[in-house]
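Visitor: Each residue of the sequence shown is one higher than the last, beginning at 2 in this note's numbering.
Even for Gly, the Cβ is constructed at its ideal location relative to N, Cα and C.
Next up is a structure, given as structure tokens.
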Amino acid sequence: MSYYHNGNKSRTYISKQAYLDYLQSPEWKAKAAKRREIDNNTCQLCGRQQAELEVHHISYFNLKSENPYVDLISLCPKCHESVHRMMCRITSPDGRRGWADLPYIQKGDS
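Spelled out as structure tokens, the structure:
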């Protein structure tokens, strides 16, 4: 079980599957599309333009109530991976290797 902070900074727990389900939801897809539009389909680190940029959570404080203008950023896959590695993260709530916002990921969560 992973947790994130909701808007009032209290811990809210979310399972890996619930996070994956959220990433497939119409609400998330609309927010991600809006962020890509804001960024003009351009990676905000390297400037590469491509149609399918990944949308990165700057933090999980507003997970499920993200504001596309302040809580998200568009990154190409290479820069997205680099950001996670740079932040010394281990693994993500959706299981990708490369980052973990400790203590957001509890040991043994899978």
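With C-beta atoms as the reference, is HIS58 less than 9 Å away from SER75?
Guide: no
Visitor: Per DSSP, what are the beta-bridge partners of SER83 in this structure?
Guide: Answer is none; SER83 lacks a bridge partner.
Visitor: So LEU21 is in the alpha helix (DSSP H); what residue range does that whole segment cover?
Guide: Counting along the chain, the alpha helix (DSSP H) containing LEU21 begins and ends at 17 to 24.
Visitor: Buried or exposed, going by whether 16 or more other CB atoms sit within 10 Å of the CB of VAL84?
Guide: Buried is the call here.
Visitor: Would ILE39 pass as a contact of PRO78 if the rule is Cβ separation under 9 Å?
Guide: no
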